[in-house]
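Read through the structure below, which is laid out as structure tokens, and then see the notes.
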Amino acid sequence: MKQFILLVIFLFVISCKKADAPADESFVYFEKPQPIYDAELSKIPNKFRGLFINSDSVYLNISENMISKEFTRKFRIHKTEIDSLKKEFDFVNGKYVSKGYKVVFDFIKIGDSLELSNKEIDTIFIFSNTQKAKRFNGKLILNYSDSIYWTVNTIDLEKNLLHLKSIGSKEDLKKIDSLTHLKSVQIDSFRFVVKPSRNEFKTFINLKRFHVDEAFKKI
-12 MKQFILLVIF LFVISCKKAD APADESFVYF EKPQPIYDAE LSKIPNKFRG
38 LFINSDSVYL NISENMISKE FTRKFRIHKT EIDSLKKEFD FVNGKYVSKG
88 YKVVFDFIKI GDSLELSNKE IDTIFIFSNT QKAKRFNGKL ILNYSDSIYW
138 TVNTIDLEKN LLHLKSIGSK EDLKKIDSLT HLKSVQIDSF RFVVKPSRNE
188 FKTFINLKRF HVDEAFKKI
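Counting in the working numbering, the sequence shown runs from -12 upward without gaps.
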């Protein structure tokens, strides 16, 4: 049981780290925020605001100034294993806190078991010098800077279905290279800089399939 609890906590921590750093996995980089020459937004348009949920019960919360993902992970422990729980957790202010990773869990009693739950809020966009948004061709374009180059996510909303797409995979790179007059330039083992024109970028983001395309339904 101890090994199970430690594994659960470890998976919680790893999944949170992955959620916090999507841009690190990107192959596609831009020299400037996209699309070029379009004005930057100072707030997210009303059209895109609201609370959305996907098939994995992950919430996407879009407000005037920020976009965040909210998700809750749960696991149960039978009352006969409570002693194992006490060895791996401190009980602080009515919550269980893992001793190693300091992950905080709420709990409720369900029959002969305790259900522990951990709610995570992952901010995926907030206006700043390194995170800029533009509205283009009916979509919300989110730009993220690594201090030199930029990565891009897009959001489009049709009726009550929202798609959050990440431009960054090798497949995405091949697609954009097939559309642009100037081909990508490799700057290291994992990064390729692309320079699409405004019209080329428009054609690219209107493609139906991206490697990462998350669908959310408005609540």
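The beta-carbon is built from N, C-alpha and C at its ideal position, and this holds for glycine as well. Model, not experiment: these values are computed from the prediction.
The continuous alpha helix (DSSP H) containing D70 extends over residues 69 to 75.
Annotation for I54: I111, F112 place their beta carbon closer than 6 angstroms to its own, counting only its chain and skipping 5 residues before and after. Contact holds between the region 25 to 40 and the region 123 to 143, because three or more Cβ pairs, one in each stretch, are under 8 angstroms apart.
For E51, same chain residues with a beta-carbon under 8 angstroms away, outside a window of 5 residues either side, are K30, I31, R36 in chain order. Burial of V181 is indicated by the presence of at least 16 other C-beta atoms within 10 angstroms of its C-beta. Beyond the five residues adjoining it in sequence on each side, T167 comes within less than 6 angstroms, by CB distance, of P183, E187 in the same chain, given in chain order. DSSP links T110 through a beta bridge to S55. Look at I142 here: in three-state DSSP terms it is strand. Excluding sequence positions up to five before and after D25, its CB lies within less than 7 angstroms of the CB of K121, F123, all in the same chain and listed in chain order. Less than 8 angstroms separates the beta-carbon of N140 from that of I154. If the five residues before and after S42 are omitted, its C-beta is found closer than 8 angstroms to the C-beta atoms of A202, all from its own chain and listed in chain order. Going by beta carbons, V15 and D143 fall outside the 8 angstroms limit.
Of the residues E27, F179, K61, the one whose Cα lies closest to the Cα of K106 is K61.
In the DSSP annotation of this structure, the continuous segment of the beta strand (DSSP E) that includes E201 starts and ends at 199 to 205. Taking the Cα of S156 as reference, the smallest distance to any Cα among K170, I135, R178 is reached at R178. Within its own chain, the residues whose Cβ lies closer than 7 angstroms to the Cβ of F92, once the five positions on either side in sequence are excluded, are K82, Y83, L103, S104, N105, listed in chain order.
Look at S165 here: in three-state DSSP terms it is helix.
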